[in-house]
Every structure is written in C-alpha cells, then in structure tokens.
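Peer 1:
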Amino acid sequence: MNNAVLHVSEVQKSFGGLRALTDIELQVEKGKTHAIIGPNGAGKSTLLNVCIGRLPPDSGTVTFDGHLITGRPPYEINQLGVARVFQTPEIFPDLSLLQNVMVPAFAKRDGTFRMSALSSLEKETDLRDEAEKLLEDVGLLQFYAKLASSLSRGDKRRLELAMCLIQHPKLLLLDEPTAGMSRHDTNRTIDLLKQIKERGMTKVIIEHDMHVVFSLADRISVLAQGKIIAEGTPDEVRGSPRVQEAYLGGAH
Amino acid sequence: MVKKVIQKIRKAAISDPDFEVSTRQLPPRGPETKPMTPVDKDWIAIVAFTIIILAMPWWLQPLGAAYPDLMQKFAIYGIFALGFNLLFGLTGYLSFGHAAFLGVGSYAAVWSFKLFTMNIIPAVLFAMLVAGVLAVVIGFISLRRSGIYFSILTLALAQMCYNLAYSVLTPITNGETGLRVLRDDPRYLDAAFGTEHQGVLLGSLFGERMVGYPGFYLCAALLIIAFYIALRIMRSPYGMMLRAIKSNQNRMIYTGFNPRPYMLTIFIISGMYAGLAGALLAITDPLAGAERMQWTASGEVVLMTILGGAGTISGPILGAAIIKYFENIFSALNDSALASAFSFLPHSVQEFVVTILSPFVGEGWHLTLGLLFMVIVIFLPGGIMEGIRRTYRFLRGHGRGSKSQTDLQAAE
Ligand SMILES: Nc1ncnc2c1ncn2[C@@H]1O[C@H](COP(=O)(O)OP(=O)(O)OP(=O)(O)O)[C@@H](O)[C@H]1O
Ligand SMILES: [Mg+2]
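And the structure:
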C-alpha cells in the first residue's frame, strides 16, 4: 500500500508492567476512513496518543505523509496536518465558542508562533466568517458567544470537531466523536463526517457505536489487549468469528 | 463628595472593556442590530481613563490624597501592576519575582543619569532594555515549569538578584547605601552638550525638572500609554492565544501552537513594564536601593492585582492605588485623628470607638489591609472589579440577568 498517509510500524508501548500496545501495524490509505474498534482498555486511545506525539512509543515508528513523526513535538505534527478530537473534550473552556474555533484557524494561518500583539481581533473578518461557517456546520452557531464551559459534553465534542475541521487537516483522528450525543446529533455528525470524506480528508475513527462505524468506515481494525486481532473491510470484520468472540458478541 | 468619587469609579468600570470579561465576545454582525463594537468601546475606555487619571488632583482632594508625590506613586505602581497582570491575568502564570525587574529598572535609570544625562528619555529606555534582558534570562529558566514551580523559580531568581545586589554587585549597586546621583558623575552626554545642572540633581525633560506636578503628569502620561498598549495586547489575536494557553495549554499544543515563545514574549513585556515603573521611581526620586527588589515588593504587586481583579484591565491599577493609599494615608492616621473624626459621638462612646479602631490605623494599617484582602478573596474572587460588576448588574435590575440565565440553560 504505497498510498498510505499514516503508517504505524511495529509500535510497542508499555505502562509499567502493562503492555498497552504490542507490535502494532497500521496503514491508513489517503481519503479513506479507518475505524478502530475494540473493548474498553484495548489501547485504542493510546494508539492515537502515539500518533499525535502525546506519548513516545517504546519502539517502532509512525510515519505521516512521508514524514517520520515519532519524537517530534505535538505542535509540529499538527502543523504537518494531523488534528485530533479527544475522548474527553479538549476545548478552551474560558473562551467563547467563536474564539474556540478561531484559535486553531490562527494556528493554521500563522504557524506555531506569531506576535500579532497590536493588531485587532475584530479585523480578522475572514477567519471569523470561516469560524462561523464551521459552527453552523456542527449546529452550534446560535451559541457562538457563550463560554465553551457552558456546553454539554456532546456539544463540546461537536465544538472540538469544528476546531479540528477549520484547520483542514490531511488526517483527522476522532476518539469516540459521538459519545454523549443524542441520536439526532449523532446522525448529524455522521452526515458531517461523510461530507468531509467527499472532500478527501483521511480519517481514523475510534467508536463503540457500531451504527456509526458501519456507516462511515472503509476499513476496520479490531484491537484487543493491545494487539490488532483482525483487519479488513466492514463485511470481512463483521463475518470474522474471532471478532465476534472477542468483541462484537461480548459487549454488544 | 465620596459618593461622587464612587460614581466616577463606577463609570470607569462600566467603560472598562473587560467589564464583562467572562462573557467577552465578538459583536454580532448584520444590519438588524448595530451595537457598539469593542473597537468603539475601547476608545471610550481610553478617553474615560485619560480623564480620570489626569483629573486625579481634583477628585482625590476629598480623600486627602491629592498631592503629587502620592499620585505619582499611584501611577507608577499602576504601571507595575498593569504589566504584572499582562502575565498573570492573561496566562495564569503567577510570577513571584517581579520586583527584580522594578529594582533593576531603578538601577539602570540611575546609571543612565550618572553616565549619560539627566534627561529622562534615555533613562526610561535604558531601564526598559535592561529589565527586558533580565526578563529573557529569568523567563527562559522559569518558564520551563508551570504552576507553583514557576512561581517558586521566579521567587528564587528574584531573591538571588536581591542578594547579589547586596554582595557581589556592590560596585554597581552601591550596596546598602543605595545608588545615588552625584555632582561629579561623568554624564558624558550632558558634558558633550554643555548642559549645566543647578541645585539638587533631578531627572528632567527638556529643562523641566520632574518634581511635584510635572513629575506626576509624566507618570500619568506614561500610565495612559501603558494602559493603551495593554488594552491593545488584550484585544489582539496574540492576547487571545495567551488566554487560550491559560484555558487549556494541552489543546494549544495539539492545535499547532508552541506555547513557549508566547509565554516568553509576554514575560518580557511584563518585565519591561516593571522596568518602566522602576525607572519612574528613580526619576521622581533619583536613588535606587536593593530593598525595592525584595520578595515583599513582589508580593505587593500580586496583592494589588488580585485585590483589584486579575485579568481585568483597570482592576490592577485600582488595586495599586488602594494599597498605596493605605500605606500612605491610613498609616498616618493616629488616635487624635480618629478622635476628631468621631467627635460627634458622646464622649464615652467616642473613646470606646477610638480604642476599638486604633489598632487598625497608623502602624496597624497592615491589619486593615489584610482583613480587606481576606474579605475580597473569600467573597469576591474576581477582586474589586467583580464587586463593581455585580453592583452594576444589580442596579440594572434582575430582568436582564434572568434572561441570560435561560439562554444558558437553552445551551445545555
Ligand atoms: N498514561 C497512562 N499511564 C498508565 N496507564 C495508561 C495510560 N494511558 C492508558 N493506560 C492504560 O492502558 C490501557 C489502554 O488504555 P486506552 O485508553 O488506550 O484504552 P481504550 O482502548 O482507549 O479504552 P476506552 O474504550 O475505555 O477508551 C488501559 O489499561 C489504561 O489503563
Ligand atoms: Mg479510549
């Protein structure tokens, strides 16, 4: 697969005696949506942490878009085009929704640091329009002036999604993007993610909700106890007895 | 009269752009509503602030504080607190060593008087430069940590500066005696231009000596400029990034920002504000001593900022003025002053009241300040500005309040 945007190779990660990730191999093709499923504590979030530079792997490498990104600081990895929605929403609780979405837009435009101390925020009408557009996409525009801390958990996640999308990342990592959302909002988020796919954005999505997984994923990897136990198209995975036993049959 | 003053302070608060700091937002656009944009509000804030500061000699009269020496202290410590708050209020990093920059600014200004000229412009610039350089060093080291460790590192480094000033660096600082301007200092620039100095040596600007009212107006003018710049910083994209760092540094990193240069630059700006304040202390009284760098002075600016309201633009200035007022006016009150204040009471009651109150004035002013600080921190964590804000909301009636309440609930 030469078309791989993200290539995780032989990654190992232990926490003390706990082997959280063992010999992980993962290739995500450009423009595709790759789902990672698995029971609680399987190591799914840890895998994403390794991909964005939050945790260094004990061994192995992660390559993104031709760049070796293991060992590089998270902000550089983001600037290369990787954005992530976290399992527990990481937003700016003390800023308004609009500001929450504008901050990542500045990162995209101005890079890791820019000292624009004497220019006025009010003059950034282009970024503001873009931010409003994204808030509208995720259905939060009417609350644009509210503090982000006042949102519910599901709304925070939609906000975080808007914060990632405004950066037009090449690779979007989603850690349970619909957890805590109502059915209505979940469907809405699925639609939004489908739209993004049409624009060619590559996605890795961790999800427990099989409805979401099967309506979005092109490929699925199944992770259990730090190992990838199956990988394939949704139909292949659905049919695999090992997966049935390890995951689908048990929890759901 | 006091009522009038309170009214004025209230007005200042209303035009304070950060008056609604927690709900600060970009304005809604569109033709249907045309509210004042923050840009318009900023101009009102600056004009109102300028008027209030320049009119201090009038409205401070009834409070007994309308003399230039004290008013210039208000302005100088206002600048110091304003700069401190740019760091603490925006980023949440609590520096406990800001007095180092104040002290170094004073030394640098006096050296400029000794070596170059009694003109204050080089003194101010030199002081800000030296304070800025020191801020690079201290910031570079202490910004490797955050939270309490950052505070302790800044405290330790500032105490180091203080101790150095008394020991190894005595050739530069003149140790305990303090650094002063002498008649036979070289003053190369003044010598080159043949400027003569008569009488006591004082900092001067185009021949005007900076004592009394000129001194006050100089400090006031610089305070207004400092206020304007601080406002611009708070309003800029850069200011928003700093708030974002305070709000969630993790998100900042995964959003593509490197927080280090942001933190270092604001630390330097904040240090330069302190350097400017230190220079003004030396300009209005050309003597610099190391006690200005002691940790108590660092603590004082923390108190000023928290008392007034961290993160607000005018809170720290108000806090600085209140603390300096207590230090200078309250500390001068004695039993006879109290007795005359309560002379309208029957003699025995008067004596009783005076006995009760006397521990709180004069030498005991620290006690009053401590109590005030306690009350503020417990009941108004947002400082006096929050008190003003709440009073303002209360006066505008509950109707508006409950409406925004339902807005909030709708969001949830
Ligand atoms: N920073 C850490 N330090 C120590 N242990 C950790 C750390 N992060 C994760 N773990 C452990 O590693 C294992 C895998 O955790 P991880 O969060 O990756 O699971 P997950 O698949 O995302 O589960 P969930 O579905 O509950 O989110 C768990 O046992 C967890 O306790
Ligand atoms: Mg997880």
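Residue numbers (our numbering), protein chains in the order written: chain A, 5 to 256; chain B, 5 to 416.
For each residue, glycine too, the CB sits at the ideal point set by N, CA and C.
1. Would residue 92 of chain B pass as a contact of residue 314 of chain B if the rule is Cβ separation under 8 Å?
2. What does a CB cutoff of less than 7 Å around residue 241 of chain A pick up in its chain, not counting 5 residues either side in sequence?
3. Considering residue 80 of chain A, what are the terminal residues of the alpha helix (DSSP H) in which it resides?
4. With a threshold of 7 Å, establish whether the CB of residue 48 of chain A neighbours any heavy atom of ligand 2.
5. Does residue 56 of chain A come within less than 8 Å of chain B when only Cβ atoms are used?
6. Note down, in chain order, each residue of its chain lying with its Cβ closer than 6 Å to the Cβ of residue 124 of chain B, except the 5 sequence neighbours on either side.
7. Cβ closer than 9 Å: which chain B residues qualify as neighbours of residue 121 of chain A?
8. Give me the chain A residues within the contact set of residue 385 of chain B, using Cβ-Cβ distance strictly less than 8 Å, ordered along the chain.
9. Under a Cβ-count criterion, where at least 16 other Cβ atoms within 10 Å of its own Cβ denotes burial, should residue 187 of chain A be classed as buried or exposed?
10. Quick check: the Cα distance between residue 104 of chain B and residue 58 of chain A, rounded to an integer number of angstroms?
11. Could you say which of B:317, B:348, B:264 and B:388 lies nearest to residue 232 of chain B if we only look at CA atoms?
12. Whose C-beta lies closer than 6 Å to the C-beta of residue 75 of chain B among residues of the same chain, with five residues either side of it excluded?
13. Just tell me which of B:56, B:376, B:338 and B:379 has its CA closest to the CA of residue 360 of chain B.
14. Between which two residues does the beta strand (DSSP E) containing residue 23 of chain A stretch?
15. Out of curiosity, what's the CA-to-CA distance linking residue 47 of chain B and residue 168 of chain A?
16. With a CB to CB cut of under 8 Å and the five nearest residues on each side skipped, what residues in its chain are close to residue 78 of chain A?
17. Closer than 8 Å, CB to CB, is residue 277 of chain B near chain A or not?
18. Shorter than 8 Å from the beta carbon of residue 251 of chain B to some beta carbon of chain A?
19. By DSSP's criteria, residue 67 of chain A is part of a beta bridge. Which residues make up the other side?
20. Report the residue ranges of all beta strand (DSSP E) runs contained in full by the stretch 183 to 235 of chain B; include only those spanning at least 3 residues, in chain order.
21. Let's test the definition: count the other Cβ atoms within 10 Å of the Cβ of residue 196 of chain B and tell me whether it reaches 16, buried, or not, exposed.
22. Any residues in the stretch 93 to 107 of chain A with a beta carbon nearer than 8 Å to a beta carbon of chain B? Which ones, in chain order?
23. Less than 7 Å separating the Cβ of residue 213 of chain A from some heavy atom of ligand 2?
24. Give a single yes or no on whether residue 98 of chain A has its beta carbon closer than 7 Å to a heavy atom of ligand 2.
25. Where residue 113 of chain B and residue 205 of chain B are concerned, what is the direct C-alpha to C-alpha distance, given to the nearest angstrom?
26. Assign residue 31 of chain A to buried or exposed, taking buried as 16 or more other Cβ atoms, counted over all protein chains shown, within 10 Å of its Cβ.
27. Give the straight-line distance between the Cα atoms of residue 68 of chain A and residue 14 of chain A, rounded to the nearest whole angstrom.
28. Please name the residue, chosen from B:279, B:384, B:122 and B:181, that lies closest to residue 192 of chain B on a Cα-to-Cα basis.
29. Using 7 Å as the cut-off, classify the Cβ of residue 179 of chain A as near or not near the heavy atoms of ligand 2, replying yes or no.
30. Do you know offhand how far residue 291 of chain B's Cα is from residue 51 of chain B's?
31. By DSSP, does residue 172 of chain A sit in helix, in strand, or in coil?
32. Could you work out which residues of chain B lie near residue 65 of chain A, taking near to mean beta carbons separated by less than 9 Å?
33. Does the beta carbon of residue 234 of chain A fall short of 7 Å from some heavy atom of ligand 1?
34. I think residue 152 of chain A touches residue 101 of chain A, with their Cβ atoms under 8 Å apart; what is that distance to the nearest whole Å?
35. Grab me the residues of residue 86 of chain B's own chain with a C-beta within less than 7 Å of its C-beta, minus the 5 sequence neighbours each way, in chain order.
36. DSSP state of residue 149 of chain A, grouped into three classes?
Peer 2: The short version:
1. Taking the second sequence and counting its residues from 1, one reaches residue 92 of chain B at position 88. Taking the second sequence and counting its residues from 1, one reaches residue 314 of chain B at position 310. The answer is yes: Cβ separation under 8 Å.
2. Along the first sequence, read from residue 1 onward, the residue named residue 241 of chain A stands at position 237. Contacts found: 224, 226, 234 and 247.
3. Counting from 1 along the first sequence, the entry for residue 80 of chain A is found at position 76. 78 to 84 is the span of the alpha helix (DSSP H), which, as asked, contains residue 80 of chain A.
4. As a position in the first sequence, residue 48 of chain A is number 44, starting the count at 1. Remark: the shortest separation between the CB of residue 48 of chain A and any heavy atom of ligand 2 falls under 7 Å.
5. The sequence position of residue 56 of chain A within the first sequence is 52, counting from 1. Taking Cβ atoms only, chain B reaches closer than 8 Å to residue 56 of chain A, which makes this a yes.
6. Position 120 of the second sequence holds residue 124 of chain B. Counting only Cβ-Cβ distances below 6 Å, and skipping sequence neighbours, we find 207, 209 and 287.
7. Numbered from 1 along the first sequence, position 117 holds the residue referred to as residue 121 of chain A. Taking a Cβ-Cβ threshold of 9 Å, the residues of chain B close to residue 121 of chain A are 233, 236, 237, 240, 241, 242, 243, 269, 270 and 273, in chain order.
8. Start at 1 with the first residue of the second sequence, and residue 385 of chain B comes out as number 381. Residues of chain A with a Cβ closer than 8 Å to the Cβ of residue 385 of chain B do not exist; the shortest Cβ-Cβ separation is about 14 Å.
9. Locating residue 187 of chain A in the first sequence gives position 183, where the first residue counts as 1. For residue 187 of chain A, the number of other beta carbons within 10 angstroms of its own is below 16, and it is reported as exposed.
10. Walking along the second sequence from the start, residue 104 of chain B turns up at place 100. Walking along the first sequence from the start, residue 58 of chain A turns up at place 54. Between residue 104 of chain B and residue 58 of chain A, the alpha-carbon positions lie close to 36 Å from each other.
11. In the second sequence, residue 232 of chain B corresponds to position 228, counting from 1. Of the listed residues, the one whose Cα sits closest to residue 232 of chain B is B:317.
12. For the purposes of this step, residue 75 of chain B is taken as residue 71 along the second sequence, with counting starting at 1. For residue 75 of chain B, where only same-chain residues beyond five positions count, the Cβ hits under 6 Å are 60 and 220.
13. Position 356 of the second sequence, counted from the first residue, corresponds to residue 360 of chain B. Of the listed residues, the one whose Cα sits closest to residue 360 of chain B is B:338.
14. The residue labelled residue 23 of chain A in the question sits at position 19 within the first sequence. Residue 23 of chain A -> beta strand (DSSP E) spans 22 to 33.
15. Position 43 of the second sequence, counted from the first residue, corresponds to residue 47 of chain B. Position 164 of the first sequence, counted from the first residue, corresponds to residue 168 of chain A. Rounded to whole angstroms, residue 47 of chain B and residue 168 of chain A show a C-alpha spacing of 35 Å.
16. For the purposes of this step, residue 78 of chain A is taken as the residue at position 74 of the first sequence. For residue 78 of chain A, where only same-chain residues beyond five positions count, the Cβ hits under 8 Å are 56, 57 and 58.
17. Numbered from 1 along the second sequence, position 273 holds the residue referred to as residue 277 of chain B. The Cβ of residue 277 of chain B sits no closer than 8 Å to any Cβ of chain A.
18. Translated into positions along the second sequence, residue 251 of chain B becomes position 247. Yes - at least one Cβ of chain A is within 8 Å of the one on residue 251 of chain B.
19. Here residue 67 of chain A is taken as the residue at index 63 of the first sequence, counted from 1. Within the DSSP secondary-structure output, residue 67 of chain A pairs in a beta bridge with A:11 and A:72.
20. Within the stretch 183 to 235 of chain B, there are no complete beta strand (DSSP E) runs of at least 3 residues.
21. Within the second sequence, residue 196 of chain B is the residue found at index 192, counting from 1. So residue 196 of chain B ends up on the exposed side.
22. Within the stretch 93 to 107 of chain A, those residues whose Cβ lies closer than 8 Å to any Cβ of chain B are, in chain order, 94, 95, 96, 97, 98, 99, 100, 102, 103, 106 and 107.
23. One-based indexing of the first sequence puts residue 213 of chain A at position 209. Outside the cutoff, so no.
24. Position 94 of the first sequence, counted from the first residue, corresponds to residue 98 of chain A. Result no, Cβ not under 7 Å from ligand 2.
25. If you number the second sequence from 1, residue 113 of chain B lands on position 109. If you number the second sequence from 1, residue 205 of chain B lands on position 201. Each residue's alpha carbon lies about 14 Å from the other.
26. Residue mapping note: residue 31 of chain A aligns to position 27 of the first sequence, counting from 1. The residue in question, residue 31 of chain A, is buried, as its Cβ has 16 or more Cβ neighbours within 10 Å.
27. The count along the first sequence starts at 1 and reaches residue 68 of chain A at position 64. The count along the first sequence starts at 1 and reaches residue 14 of chain A at position 10. Approximately 15 Å between the Cα atoms of the pair.
28. The residue you call residue 192 of chain B lines up with position 188 of the second sequence. Closest option to residue 192 of chain B, Cα to Cα, is B:122.
29. Position 175 of the first sequence holds residue 179 of chain A. Under cutoff, so the answer is yes.
30. In the second sequence, counting from the first residue as 1, residue 291 of chain B sits at position 287. In the second sequence, counting from the first residue as 1, residue 51 of chain B sits at position 47. In this structure, the straight-line span from the alpha carbon of residue 291 of chain B to that of residue 51 of chain B is close to 34 Å.
31. Along the first sequence, read from residue 1 onward, the residue named residue 172 of chain A stands at position 168. Coil.
32. Translated into positions along the first sequence, residue 65 of chain A becomes position 61. Ordered by position in chain B, no residue passes the 9 Å Cβ test against residue 65 of chain A, which lies about 20 Å from the chain.
33. Position 230 of the first sequence holds residue 234 of chain A. It does not: the Cβ of residue 234 of chain A is nowhere closer than 7 Å to a heavy atom of ligand 1.
34. As a first step, residue 152 of chain A must be located in the first sequence, where it is residue number 148. As a first step, residue 101 of chain A must be located in the first sequence, where it is residue number 97. Going by Cβ atoms, the distance from residue 152 of chain A to residue 101 of chain A rounds to 6 Å, so yes, they are a contact pair.
35. Mapped onto the second sequence, residue 86 of chain B falls at position 82. So the qualifying residues of the chain are 230, 231, 234, 277, 320 and 321.
36. Residue mapping note: residue 149 of chain A aligns to position 145 of the first sequence, counting from 1. Three-state DSSP puts residue 149 of chain A in coil, outside helix and strand.
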